[in-house]
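Asker: Chain order of the listed sequences is G and C. Taking our numbering, I'd label the letters of the first sequence as residues 3 to 311. Taking our numbering, I'd label the letters of the second sequence as residues 352 to 619. Just so it is clear, CB atoms sit at the ideal spot from N, CA and C, and this is done for glycine as well.
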Amino acid sequence: MASTEAVAPRAPIAPGAASSIDAAWARIGPVLAVLAILIALWYAAAVGLNAAQVIERTLSSQPGWGFADLVKLTLSMDRPVLPAPHQIALDLFDSVFGWPLDSPRNLLFHAAVTSSATLLGFVMGTALGALLAVAIVHSRTLERSLFPWVIASQTVPVLAIAPIVIVILGSLGLTGVFPKAIISMYLCFFPVAVALVKGLRSPGVLELELLRTYAASKKHTFWKVRVPASLPFLFPSLRVGIAAGLVGAIVGELPTGAQAGLGARLLTGSYYGNTVQIWSALVMSALLGLALTGCVALAERLLTPGGKR
Amino acid sequence: MRNPPSAAAASTTTVDIQQVSVVYPAAEHTVTALDKVSLTIHEGEFVSLIGPSGCGKTTLLRVIADLEQVTSGNVRVNGLTPQEARLARSYGYVFQAPALFPWRTVLANVCLPLEIHGIEKDAARRTALQHLERVGLKGFEGKYPWQLSGGMQQRVSIARALGFEPKLLMMDEPFGALDEITRDRLNEQLLRLWERERRTVVFVTHSIPEAVFLSSRIVVMSPRPGRIVDVIESDLPADRTLDIRDTAQFTDIAHRVRVALREGHGEH
Numbered sequence: 003m004a005s006t007e008a009v010a011p012r013a014p015i016a017p018g019a020a021s022s023i024d025a026a027w028a029r030i031g032p033v034l035a036v037l038a039i040l041i042a043l044w045y046a047a048a049v050g051l052n053a054a055q056v057i058e059r060t061l062s063s064q065p066g067w068g069f070a071d072l073v074k075l076t077l078s079m080d081r082p083v084l085p086a087p088h089q090i091a092l093d094l095f096d097s098v099f100g101w102p103l104d105s106p107r108n109l110l111f112h113a114a115v116t117s118s119a120t121l122l123g124f125v126m127g128t129a130l131g132a133l134l135a136v137a138i139v140h141s142r143t144l145e146r147s148l149f150p151w152v153i154a155s156q157t158v159p160v161l162a163i164a165p166i167v168i169v170i171l172g173s174l175g176l177t178g179v180f181p182k183a184i185i186s187m188y189l190c191f192f193p194v195a196v197a198l199v200k201g202l203r204s205p206g207v208l209e210l211e212l213l214r215t216y217a218a219s220k221k222h223t224f225w226k227v228r229v230p231a232s233l234p235f236l237f238p239s240l241r242v243g244i245a246a247g248l249v250g251a252i253v254g255e256l257p258t259g260a261q262a263g264l265g266a267r268l269l270t271g272s273y274y275g276n277t278v279q280i281w282s283a284l285v286m287s288a289l290l291g292l293a294l295t296g297c298v299a300l301a302e303r304l305l306t307p308g309g310k311r
Numbered sequence: 352m353r354n355p356p357s358a359a360a361a362s363t364t365t366v367d368i369q370q371v372s373v374v375y376p377a378a379e380h381t382v383t384a385l386d387k388v389s390l391t392i393h394e395g396e397f398v399s400l401i402g403p404s405g406c407g408k409t410t411l412l413r414v415i416a417d418l419e420q421v422t423s424g425n426v427r428v429n430g431l432t433p434q435e436a437r438l439a440r441s442y443g444y445v446f447q448a449p450a451l452f453p454w455r456t457v458l459a460n461v462c463l464p465l466e467i468h469g470i471e472k473d474a475a476r477r478t479a480l481q482h483l484e485r486v487g488l489k490g491f492e493g494k495y496p497w498q499l500s501g502g503m504q505q506r507v508s509i510a511r512a513l514g515f516e517p518k519l520l521m522m523d524e525p526f527g528a529l530d531e532i533t534r535d536r537l538n539e540q541l542l543r544l545w546e547r548e549r550r551t552v553v554f555v556t557h558s559i560p561e562a563v564f565l566s567s568r569i570v571v572m573s574p575r576p577g578r579i580v581d582v583i584e585s586d587l588p589a590d591r592t593l594d595i596r597d598t599a600q601f602t603d604i605a606h607r608v609r610v611a612l613r614e615g616h617g618e619h
């Protein structure tokens, strides 16, 4: 038999080096443009928001001051209302490179504390979400009894839950990473459960009938069809889950007396009015979030066979 | 009845359908998909079920495959009930859509039923490759389904259905979604495959030329309620090619099918 039917040429032709740089620019260019605009606006806002304080504290005693003096002073305050981007960058750089990794003044130390809680919560949350999804998919009764609770759980604000969890687990002698991981898990399991329910149910009548003609067992249908079919649903939910888990871990660090972690850093920053510290902790948690979701995206690429669907 | 492909095959009944009715209860009026249908299919036959939409041809196929339950009547597949036959994995079924799994390569798709049937990995691989070669897809085993054309995807699904060497192959409008040129070529390939291996084939179609070209027997059905109006024997030579469609013999059989279809319709 001849097989001359053309393969659909969906894979792009390998681009030359020059055009790949062009393509990269086409993608990054707009992002950089927006970034430049945001930074410019930020500087303007910093000058505007800090001006009143600068004028009141310093410039009012120096008659004849000009706009240049105002700008210079507003962008170099110790405790500005809104720190300038370079102040935050410098503080971040100082803290990361100026102190040993195990020092509480190093933001990487706090990032590590927070991410360990996040990761533990993420693993537990994913496991819980998967367990719930499998139970819900397998039994209508469980669906009816569990699903409303799963959804209701997310309407309770995490800020209210966090202190309760910390206090109760603390009274049981559990402190440190575990209570924070529980809060992280609480935010993580929901997107995973919902996506997996949808994913496990995604095989259509046709696919299931095909398996029926093979006289496939429930186990086979589950592992060979339902699970692989659910992966494209699972990974986006994991990305959402790990980001939500990070929020959970940071929130969990707020009521602990703020010993360590990015949440603690945010809290001490606001205790002492150290706005630059707040902002650099904020930037660090954003970077951590990007890194964590990036790891999940990488895992998705490595673990999803079939390339694009 | 015309002489079946070989005298020995005539003695063995593969599918025996007696007085089968399938009725779907509905709020307003019940739908009779099949009304006391009887049909016997012998080993090695190529039987086409042809008729307009709603005549129950697909339902009949699904009844044989235990994908649909009969309301009354009796069905035997290799002497077993459809369910027993299904659990004994005695048939291959090709759906109208290829139903390939996008996360599996072509080879892995063909291996799926073999894996489920507990065949050892290397052996499954060898068998799958062999069947892919038979449908003309050697060299495509590493591709993913989306990289193949519709016709190639359907051939993968045929290779998959043939993988565990079922004696009975059921096909539900397998080429219905393909263009005519591709369909013609696949028809010819399917005929060669049938000639070589003489599996029993039950083939659902609504194309008269397709039915006449492929079949040793054409079962004409009519709708509301679904029933068999005529069974037409075909005695076209076994080594026929697509050219036979221009012969008087072919057009004569096609004409008889058309007349039967019209009569089936005319009664209503």
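Please decide whether L189(G) counts as near chain C, where near means a Cβ-Cβ distance under 8 Å.
Answerer: The sequence position of residue 189(G) within the first sequence is 187, counting from 1. No, L189(G) lies away from the interface with chain C (no Cβ there is under 8 Å from its Cβ).
Asker: Indicate whether M187(G) and G127(G) have their beta-carbon atoms separated by less than 8 Å.
Answerer: Position 185 of the first sequence, counted from the start, is the residue given in the question as residue 187(G). Position 125 of the first sequence, counted from the start, is the residue given in the question as residue 127(G). With contacts defined as CB atoms closer than 8 Å, M187(G) and G127(G) qualify as a contacting pair.
Asker: Among A459(C), N425(C), H468(C), whose alpha-carbon lies nearest the alpha-carbon of K494(C)?
Answerer: Working through the second sequence from its first residue, we reach residue 494(C) at position 143. Among A459(C), N425(C), H468(C), the Cα nearest to that of K494(C) is on A459(C).
Asker: Just to confirm, is the Cβ distance from F235(G) to G201(G) under 8 Å?
Answerer: Here residue 235(G) refers to the residue found at position 233 of the first sequence. Here residue 201(G) refers to the residue found at position 199 of the first sequence. Yes, these two residues count as a Cβ contact at 8 Å.
Asker: Report the rounded CA-to-CA distance for A360(C) versus V398(C), giving the unit in angstroms.
Answerer: Working through the second sequence from its first residue, we reach residue 360(C) at position 9. Working through the second sequence from its first residue, we reach residue 398(C) at position 47. Bear in mind that a pLDDT of 43 at A360(C), under 50, signals an unreliable position, so the number given afterwards is only what the model happens to contain. Cα to Cα, the separation comes out at about 14 Å.
Asker: Run down chain C in chain order and give the residues with a C-beta less than 7 Å from the C-beta of E302(G).
Answerer: Looking up residue 302(G) in the first sequence gives position 300. Chain C residues near E302(G): none, gap ~13 Å exceeds 7 Å.
Asker: Give me the subset of the stretch 195-217 of chain G whose CB atoms are less than 7 Å from a CB atom of chain C, sorted by chain position.
Answerer: Within the stretch 195-217 of chain G, the qualifying residues are L208, E209, E211, L212, R214, T215, Y216, A217.
Asker: By the three-class DSSP mapping on this structure, what secondary structure does V73(G) have?
Answerer: Here residue 73(G) is taken as the residue at index 71 of the first sequence, counted from 1. Correct three-state label for V73(G): helix.
Asker: For S239(G) and P193(G), I'd like the C-alpha separation in whole angstroms.
Answerer: Translated into positions along the first sequence, residue 239(G) becomes position 237. Translated into positions along the first sequence, residue 193(G) becomes position 191. About 5 Å.
Asker: By a C-beta neighbour count over all protein chains shown, 10 Å radius and 16 as the cutoff for buried, is A8(G) buried or exposed?
Answerer: Start at 1 with the first residue of the first sequence, and residue 8(G) comes out as number 6. Note that A8(G) has pLDDT 46, beneath the 50 cutoff, so the model's placement of it is unreliable and no number is given.
Asker: If the cut is a Cβ gap below 7 Å, which residues of chain C does H222(G) touch?
Answerer: Locating residue 222(G) in the first sequence gives position 220, counting from the first residue. Within chain C, the residues near H222(G) are I467.
Asker: Tell me, please, whether the CB atom of K226(G) is closer than 8 Å to any CB atom in chain C?
Answerer: Translated into positions along the first sequence, residue 226(G) becomes position 224. Closer than 8 Å: yes.
Asker: Less than 7 Å between C-beta atoms, sequence neighbours within five positions excluded: which residues of the same chain meet that for G243(G)?
Answerer: Against the first sequence, residue 243(G) aligns to sequence position 241. Excluding sequence neighbours, G243(G) sits near F124, G127, T128, C190, P193, V194.
Asker: Which of helix, strand or coil does DSSP assign to V582(C)?
Answerer: Mapped onto the second sequence, residue 582(C) falls at position 231. V582(C): strand per DSSP, three-state reduction.
Asker: Just to make sure I have the definition right: I need the residues of chain G whose C-beta is within less than 8 Å of the C-beta of L519(C). Which are they?
Answerer: What you label residue 519(C) is simply residue 168 of the second sequence in a count that begins at 1. Those do not exist, as L519(C) stays about 11 Å from chain G at its closest Cβ, beyond 8 Å.
Asker: Taking the alpha-carbon of C297(G) as reference, which of Q261(G), I138(G), A245(G), A251(G) has the nearest alpha-carbon?
Answerer: Within the first sequence, numbered from 1, the residue matching residue 297(G) stands at position 295. Among Q261(G), I138(G), A245(G), A251(G), the Cα nearest to that of C297(G) is on A245(G).
Asker: How about the stretch 218-228 of chain G and the stretch 472-482 of chain C: do they share at least three Cβ pairs that are nearer than 8 Å?
Answerer: no
Asker: So is P230(G) in contact with chain C if we call contact Cβ pairs under 8 Å?
Answerer: Taking the first residue of the first sequence as position 1, residue 230(G) is located at position 228. For P230(G), a Cβ of chain C is located within less than 8 Å of the residue's own Cβ.
Asker: In the DSSP assignment, find the unbroken beta strand (DSSP E) run with F554(C) in it and report its ends.
Answerer: Numbered from 1 along the second sequence, position 203 holds the residue referred to as residue 554(C). Per DSSP, F554(C) is one residue of the beta strand (DSSP E) stretching across 551-556.
Asker: Could you check if R107(G) belongs to the surroundings of the ligand PLP, using beta carbon to heavy atom distance under 7 Å?
Answerer: By its list of ligands, the structure shown contains no ligand whatsoever, and the ligand PLP lies outside what it can speak to.
Asker: When you compare each of I280(G), L294(G), T295(G), A183(G) to A91(G) by their alpha carbons, which one comes out closest?
Answerer: Position 89 of the first sequence, counted from the first residue, corresponds to residue 91(G). For the residues I280(G), L294(G), T295(G), A183(G), the minimum Cα distance to A91(G) belongs to I280(G).
Asker: Bridge partners for Y375(C) per DSSP, in chain order?
Answerer: For the purposes of this step, residue 375(C) is identified with residue 24 of the second sequence, where counting begins at 1. Paired residue(s): V382(C).
Asker: Quick check on D594(C): buried or exposed, where buried means 16 or more other Cβ atoms within 10 Å of its Cβ?
Answerer: Taking the first residue of the second sequence as position 1, residue 594(C) is located at position 243. That one is exposed.
Asker: Could you tell me which uninterrupted alpha helix (DSSP H) segments, each at least 4 residues in length, are contained entirely in the stretch 180-233 of chain G, listed from first to last along the chain?
Answerer: 207-215
Asker: Quick check on the DSSP output: what are the complete beta strand (DSSP E) runs of length 3 or more inside the stretch 501-574 of chain C, in order along the chain?
Answerer: 519-523, 551-556, 568-573
Asker: When DSSP labels each residue in this structure, what does V421(C) get in the three-state scheme?
Answerer: Translated into positions along the second sequence, residue 421(C) becomes position 70. Coil, per DSSP.
Asker: Do you know whose CA, among A299(G), L305(G), G263(G), L292(G), lies nearest S118(G)'s CA?
Answerer: By 1-based counting over the first sequence, the position of residue 118(G) is 116. Comparing Cα-Cα distances from S118(G) to each of A299(G), L305(G), G263(G), L292(G), the minimum goes to G263(G).
Asker: According to the Cβ coordinates, are D342(C) and Q600(C) closer than 8 Å?
Answerer: Any answer about residue 342(C) is impossible in this case: the structure gives chain C only from 352 up to 619.
Asker: Between I532(C) and A605(C), is the Cβ-Cβ spacing less than 8 Å?
Answerer: Taking the first residue of the second sequence as 1, we reach residue 532(C) at position 181. Taking the first residue of the second sequence as 1, we reach residue 605(C) at position 254. Against a cut-off of 8 Å, the Cβ pair of A605(C) and I532(C) comes out as no contact.
Asker: For G469(C), does the count of other Cβ atoms within 10 angstroms reach 16, so buried, or fall short, so exposed?
Answerer: Counting from one through the second sequence, the residue named residue 469(C) turns up at place 118. Its Cβ having fewer than 16 others within 10 Å, G469(C) is exposed.
Asker: Does the stretch 372-388 of chain C come into contact with the stretch 571-583 of chain C, if we say contact requires no fewer than three beta-carbon pairs (one atom in each stretch) closer than 8 Å?
Answerer: yes
Asker: Under 8 Å between C-beta atoms, does D581(C) make it to chain G?
Answerer: Here residue 581(C) corresponds to residue number 230 of the second sequence, with the count starting at 1. No, because no Cβ of chain G sits closer than 8 Å to the Cβ of D581(C).
Asker: Does the separation of the CB atoms of E75(G) and A86(G) fall below 8 Å?
Answerer: Translated into the one-based positions of the first sequence, residue 75(G) becomes position 73. Translated into the one-based positions of the first sequence, residue 86(G) becomes position 84. Per the sequence presented here, residue 75(G) reads as Leu, with Glu not at that position. Taking 8 Å as the Cβ cut-off, L75(G) and A86(G) do not qualify as a contacting pair.
Asker: Report all residues from its chain with a CB closer than 7 Å to the CB of A13(G); omit the five preceding and five following residues, and keep chain order.
Answerer: Translated into positions along the first sequence, residue 13(G) becomes position 11. Here A13(G) scores only 46 on pLDDT, less than 50, and its place in the model is too uncertain to base an answer on.
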